[in-house]
Amino acid sequence: MPYAALEDTNVTSSNAVREILSDLLKRGIVNHELSSTPRHRDDHLYDDIIEEVADIFAAAGDDKIFVERFSRTGCDLAQITYGHTSTEHQHYIALYTVCLLYADDLGIRHLDALTQFARRFSTGEKQLNPVLDKLTELMRQAYDLWPQVGADAIVSGTLEAVSAMYIECTSGDMKITPQATLWPNYFRNRSGICPPYAHFNFMKNWRSAPDSYLQLLPYLEFYIVAANDVLSFYKEQLAGETKNYIHIRATTDQMTPVDMLRRVADEVLACGERVELLIGDDAQLMGIWRSFEHGVLEFHVKTQRYQLAGLTFGS
1 MPYAALEDTN VTSSNAVREI LSDLLKRGIV NHELSSTPRH RDDHLYDDII
51 EEVADIFAAA GDDKIFVERF SRTGCDLAQI TYGHTSTEHQ HYIALYTVCL
101 LYADDLGIRH LDALTQFARR FSTGEKQLNP VLDKLTELMR QAYDLWPQVG
151 ADAIVSGTLE AVSAMYIECT SGDMKITPQA TLWPNYFRNR SGICPPYAHF
201 NFMKNWRSAP DSYLQLLPYL EFYIVAANDV LSFYKEQLAG ETKNYIHIRA
251 TTDQMTPVDM LRRVADEVLA CGERVELLIG DDAQLMGIWR SFEHGVLEFH
301 VKTQRYQLAG LTFGS
């Protein structure tokens with residue numbers, strides 16, 4: 001039995017997990033000053049996204065319930081985490097997220113489409129799934145909304161993510177080897193769609209050059225994916241899922257899942273502190289960061305996907 005599997009299987013009800021999640025949320029949300037950056041909201045975003053993707057999902061042969069579920073999560077992410085961007089950008093982010101949730105959650109049903117996605121994108125061929133055709137369209141539209149460096153990262157990061165999702169769907173029987181300590185981060189950095197969601201913060205023409213935020217990008221990428229790994233741990237444990245970052249890294253580092261959860265939560269908080277140190281007295285950049293930081297955590301609490309409403313957090 002792998003070392004990580006020695007942990008009590010009922011970790012979701014343990015006080016340790018509750019304390020770890022509560023501590024991350026309190027220190028990340030309550031103890032930091034709120035951003036003064038203006039926030040934008042389109043009250044019709046959810047209805048617009050539903051209308052746009054319903055026929056696409058139907059053409060792909062997938063149930064309407066996924067249209068509603070993915071659209072709600074996509075809109076929550078766009079409006080809560082990226083409320084400092086324009087409503088046009090939020091529409092893009094919501095629609096993009098719907099497509100990536102589809103590939104991540106339903107990719108196992110459409111393996112041929114996943115495996116051929118990058119090649120067909122490169123050759124300009126039609127994709128094997130209409131949702132992936134929409135994703136291809138969005139990737140090409142990225143240059144209208146983000147600067148060259150951001151749009152390039154959105155395109156390349158999406159290609160890597162979909163390829164990683166295919167690997168994830170087809171490598172379920174792969175045994176995780178202890179001491180392969182670089183593997184969890186190597187794979188998660190690709191499957192986590194990190195570059196696009198970091199660059200979404202910085203709209204086209206926000207500044208004339210990206211120099212002021214380029215060195216922040218590794219930290220923003222880590223923050224959003226690691227916070228997600230911690231805050232999605234509860235729902236994944238409820239579903240009996242162990243092929244996730246926390247369990248895999250616990251195996252390679254020969255720790256229990258709960259101890260690894262605590263370590264990654266501490267890394268998330270340390271990452272946030274480092275970002276503020278790097279930003280210094282750049283008030284505009286600090287406003288974007290704090291809006292993003294609060295948004296990442298608030299999104300996971302408020303959206304139904306992560307089931308955190310079932311946990312009672314301390315004050």
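Number 251 in UniProt numbering belongs to position 251 of the sequence shown; there are no gaps in the numbering.
Note that the Cβ used here is the ideal one computed from N, Cα and C, for glycine as well.
Remember, it's a predicted structure, so these values are computed and weren't measured experimentally.
* Give the C-beta separation of Leu217 and Ala198 to the nearest angstrom, bearing in mind that I take them to be a contact with Cβ-Cβ under 8 angstroms. => 5 angstroms
* CA-to-CA distance, Val275 to Phe200, given in whole angstroms -> 17 angstroms
* Quick one: grab the DSSP three-state call for Phe222. => helix
* Can you give the Cα-Cα distance for Lys26 and Asp282, rounded to whole angstroms? -> 25 angstroms
* Does the Cβ of Ile20 have 16 or more other Cβ atoms within 10 Å, making it buried, or fewer, making it exposed? -> buried
* Asked: With respect to the alpha helix (DSSP H) encompassing Tyr306, which residues constitute its N-terminal and C-terminal limits?
  -> Per DSSP, Tyr306 belongs to no alpha helix (DSSP H) and is neither H nor E.
* Helix, strand or coil for Gly295 per DSSP? -> helix
* **Per-residue burial, Asn205 [other beta carbons within 10 Å of its own, 16 or more giving buried]** => exposed
* Asked: Counting Cβ pairs closer than 8 angstroms, one from the region 291-310 and one from the region 49-57, do we hit at least three?
  -> no
* Can you list, in chain order, the stretches of the beta strand (DSSP E) that have 3 or more residues and sit fully within the region 140-205? -> none
* Just the Cα atoms here: how many angstroms apart are Tyr104 and Gly287? -> Note on identity: in this sequence residue 104 is Asp, with Tyr being the wrong assignment. Computed Cα separation, rounded: 31 angstroms.
* With DSSP collapsed to three states, give me the class of Leu111. => helix
* With a 10 Å radius around its C-beta and 16 neighbouring C-beta atoms as the bar for buried, classify residue 321 as buried or exposed. => With the chain represented from 1 up to 315, any question about residue 321 goes unanswered, as that position is not in the structure.
* Is Glu19 helix, strand or coil when you go by DSSP? -> helix
* To do: Would you check if the distance between the CB atom of Phe222 and the CB atom of Cys271 is smaller than 7 angstroms?
  => yes
* Return the CA-CA distance between Val11 and Val258, expressed in angstroms with no decimal places. => In this prediction, Val11 scores a pLDDT of 45, lower than 50, which makes its location untrustworthy; no coordinate-derived value is stated.
* Asked: In chain order, what residues of the same chain have a beta carbon less than 7 angstroms from the beta carbon of Trp183, not counting five sequence neighbours either side?
  -> Thr252
* To do: Tell me whether the beta-carbon of Met255 lies closer than 7 angstroms to the beta-carbon of Thr85.
  => no
* Rounded C-alpha distance that separates Asp62 from Leu111 -> 14 angstroms
* Going by C-alpha distance, which of Leu135, Gln237, Val149 is nearest Leu101? -> Leu135
* Sub-7 angstroms separation of Val162 and Phe117 beta-carbons -> yes
* Excluding sequence positions up to five away, which residues of its chain have a Cβ less than 7 angstroms from the Cβ of Thr81? -> Phe292, Gly295, Val296, Phe299
* To do: Go ahead and pull the three-state DSSP assignment for Leu6.
  => Reliability of the predicted coordinates at Leu6 is poor, the pLDDT of 41 falling under 50, and no value is obtained from them.
* Asked: Which residues in the same chain as Leu95 place their Cβ atom closer than 8 angstroms to its Cβ, once the five residues preceding and following it in sequence are excluded?
  -> Ile49, Glu52, Val53, Gly74, Lys134, Leu138
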